[in-house]
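Peer 1: Okay, handing you the structure first.
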Amino acid sequence: MAVKFLTPMPGLMRYPPNQFDGGPSDWQTRMTCSEFQLVARTIDDLGFDAVSVSEHLVLPVDLVPTMGSHWPHALTAMAFLAGCTTRLRVNSMAMVLPNHHPVELAKSIATLDVLSGGRAMATFGVGMAPGESAAMGMPFGRRGRATDEYARAMHVLWTEDRPSFDGEFVQFSDVVFEPKPLQRPHPPLWFAGRSLISLRRAADLGDGWAPSGGLLGKGPWFESDSQLPDLLDEVAERRAQSGNDRPFDVFLALEQPELGPDHTMLPPRFAPSSAAQILDEIGRLEALGVTWTMVTRPGDPATTLEGHLDDLHWLADEILAACR
Numbered sequence: 109m110a111v112k113f114l115t116p117m118p119g120l121m122r123y124p125p126n127q128f129d130g131g132p133s134d135w136q137t138r139m140t141c142s143e144f145q146l147v148a149r150t151i152d153d154l155g156f157d158a159v160s161v162s163e164h165l166v167l168p169v170d171l172v173p174t175m176g177s178h179w180p181h182a183l184t185a186m187a188f189l190a191g192c193t194t195r196l197r198v199n200s201m202a203m204v205l206p207n208h209h210p211v212e213l214a215k216s217i218a219t220l221d222v223l224s225g226g227r228a229m230a231t232f233g234v235g236m237a238p239g240e241s242a243a244m245g246m247p248f249g250r251r252g253r254a255t256d257e258y259a260r261a262m263h264v265l266w267t268e269d270r271p272s273f274d275g276e277f278v279q280f281s282d283v284v285f286e287p288k289p290l291q292r293p294h295p296p297l298w299f300a301g302r303s304l305i306s307l308r309r310a311a312d313l314g315d316g317w318a319p320s321g322g323l324l325g326k327g328p329w330f331e332s333d334s335q336l337p338d339l340l341d342e343v344a345e346r347r348a349q350s351g352n353d354r355p356f357d358v359f360l361a362l363e364q365p366e367l368g369p370d371h372t373m374l375p376p377r378f379a380p381s382s383a384a385q386i387l388d389e390i391g392r393l394e395a396l397g398v399t400w401t402m403v404t405r406p407g408d409p410a411t412t413l414e415g416h417l418d419d420l421h422w423l424a425d426e427i428l429a430a431c432r
């Protein structure tokens with residue numbers, strides 16, 4: 109199988125909070141610098157393809173009971189992780205694009221890509237918290253338009269010698285932008301979200317779609333992985349019409365959590381109990397068009413750092429090795 113594997117970096121966010129306040133994941137709240145480096149190097153050495161970092165810059169107080177209050181700045185953490193690894197890709201899974209100025213964000217991603225030897229990736233979302241958007245000066249109702257425009261502005265900065273852009277939210281001209289990213293034309297950009305709007309945004313402006321998880325609501329929504337072949341046919345048509353022949357990725361976690369309307373985490377649709385079940389499900393998803401996934405060891409979550417490292421070794425031995 110050609111599917112690639114992403115795994116999250118522990119200790120950087122505390123969601124859902126009940127797992128950390130004396131719960132099984134409480135060990136992550138005490139991780140030190142050297143332990144973050146140890147985990148990152150272990151992930152790198154074991155052959156995982158990417159490590160992910162989630163982000164919220166601020167969180168409205170009404171969401172703290174269900175989402176916790178501890179979230180990192182993604183690119184800062186990604187730079188740290190890239191600096192202590194040698195081959196592992198680093199991915200923001202996910203970053204709220206309209207909460208960042210696109211010129212500064214384009215510079216940060218390009219710099220990281222150069223210093224990491226071309227290992228930067230980015231997964232963008234439009235955001236789901238009006239209070240967070242307000243704190244960052246972004247009107248919540250215009251965040252989708254801003255996301256599209258910011259992505260286009262960053263494309264211009266990354267690819268043009270004398271970039272200029274005249275949009276609703278951002279304008280620049282008579283400037284130069286260096287360094288360009290090492291990956292050409294730019295690092296892979298994925299767009300997160302279960303809505304079909306997010307898929308079309310990914311098709312038009314990105315290199316991949318990450319519909320795992322997400323708030324359930326009124327359609328049109330991605331509700332079943334059986335939809336993927338038809339949806340990817342639409343992606344291929346849209347990209348062909350624009351002359352885009354770059355590969356297109358689909359990330360779908362093996363255990364797909366559902367989020368309730370108040371952002372509470374609901375049970376996953378699929379909970380394997382063995383390596384054989386995991387491998388069968390990976391094969392099924394790959395046949396539908398999934399190119400990246402995330403897997404966890406069956407059973408209860410690790411309650412110590414040593415237990416987490418043991419889980420990573422189990423996944424490498426039982427799952428990654430069998431897929432390569």
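Numbering-wise, the sequence shown is residues 109 to 432 according to my numbering.
Cβ coordinates follow ideal geometry from the N, Cα and C atoms, glycine included.
This structure is a prediction, so every number in the text was calculated from the model and none was measured.
1. Flag this pair as yes or no: are the beta carbons of N199 and E240 separated by less than 8 angstroms?
2. Per the DSSP calculation, W298 is bridged to which residue(s)?
3. Contact defined as beta carbons within less than 8 angstroms: I believe A202 pairs with G233. What is the distance between those atoms, to the nearest angstrom?
4. If I follow the unbroken alpha helix (DSSP H) through A424, where does it start and stop?
5. Who are the Cβ neighbours of R405 in its own chain at under 7 angstroms, not counting the five residues just before and after it?
6. When you compare each of M246, K215 and P173 to V204 by their alpha carbons, which one comes out closest?
7. Just checking, does the stretch 304-314 make contact with the stretch 252-265 on the three C-beta pairs under 8 angstroms criterion?
8. When the cut-off is 8 angstroms and only beta carbons count, does R309 lie next to chain B?
9. Are the stretch 213-231 and the stretch 292-309 touching, with three or more C-beta to C-beta distances below 8 angstroms?
10. Go through the stretch 238-296 residue by residue and report every complete run of the alpha helix (DSSP H) that reaches 4 residues or more, in order.
11. Does DSSP put K326 in a helix, a strand or coil?
12. Can you tell me whether E333 is buried or exposed, with buried defined as 16 or more other CB within 10 angstroms of its CB?
13. In whole angstroms, give me the CA-to-CA distance for R197 and L171.
14. Taking just the CA atoms, how far does M186 sit from C192?
15. Any contact of the stretch 377-390 with the stretch 342-350, i.e. 3+ C-beta pairs under 8 angstroms?
16. In terms of residue numbering, what span does the alpha helix (DSSP H) encompassing A384 cover?
17. Got a sec? Which residues, its chain only, sit under 6 angstroms from L220 by beta carbon, not counting five neighbours each side?
18. Cutting at 8 angstroms between CB atoms, please list the residues of its own chain near L428, excluding the five before and the five after it.
19. So who's on the other strand from R122, going by DSSP bridges?
20. Exposed or buried, V159, counting other C-beta atoms within 10 Å across all chains shown (16 or more means buried)?
21. Where does P337 sit, in a helix, a strand or coil, going by DSSP?
22. Could you name the residues of the same chain whose beta carbon sits closer than 7 angstroms to that of L265, not counting the 5 residues immediately before and after it, in chain order?
23. Report the residue from Q291, E276 and L336 whose alpha carbon sits nearest the alpha carbon of L304.
24. Work out the CA separation of R432 and E426 for me, nearest whole Å.
25. Just checking P289 against the ligand ZN - is the residue's beta carbon closer than 7 angstroms to any of the ligand's heavy atoms?
26. State the CB to CB distance for the pair R292 and P319, rounded to an integer number of angstroms; the pair is presumed to be in contact (CB under 8 angstroms).
27. Using the Cα positions of D269 and W179, report the straight-line distance between them to the nearest angstrom.
28. Tell me the DSSP secondary structure of F113 in three-state form.
29. Locate the alpha helix (DSSP H) running through R149, then write down its first and last residues.
30. Jot down the residue ranges of each uninterrupted beta strand (DSSP E) in the stretch 172-222, minimum 3 residues, whole runs only, in chain order.
31. Smallest Cα separation from L75: which of H164, G119 and V169?
32. Taking only the alpha-carbon atoms, compute the straight-line gap between G351 and L290 and give it to the nearest angstrom.
33. What first and last residue would you give for the beta strand (DSSP E) that runs through S435?
Peer 2: On the basis of the data shown:
1. no
2. T231 and G316
3. 4 angstroms
4. Counting along the chain, A424 falls outside any alpha helix (DSSP H), and DSSP gives it neither H nor E.
5. D419, W422 and L423
6. M246
7. yes
8. Protein chains in the displayed structure number just one, and chain B is not present.
9. yes
10. 238-243 and 251-267
11. Unreliable placement is indicated for K326, whose pLDDT of 48 sits below 50; no coordinate value is reported for it.
12. The amino acid at residue 333 is misidentified as Glu; the sequence shows Asp. Burial call: buried.
13. 30 angstroms
14. 10 angstroms
15. no
16. A383 to L396
17. A187 and A228
18. F113, L154, G155 and F156
19. None, per the DSSP bridge assignment.
20. buried
21. helix
22. V211, A214, P271 and F285
23. L336
24. 11 angstroms
25. The model depicted lacks the ligand ZN and carries no ligand whatsoever.
26. Contact flag wrong, Cβ pair sits at about 27 angstroms.
27. 36 angstroms
28. strand
29. C141 to L154
30. 197-200
31. The shown model of the chain, from 109 to 432, leaves out residue 75, and the question about it has no answer.
32. 22 angstroms
33. In this structure the chain extends from 109 to 432, so residue 435 is not present and cannot be described.
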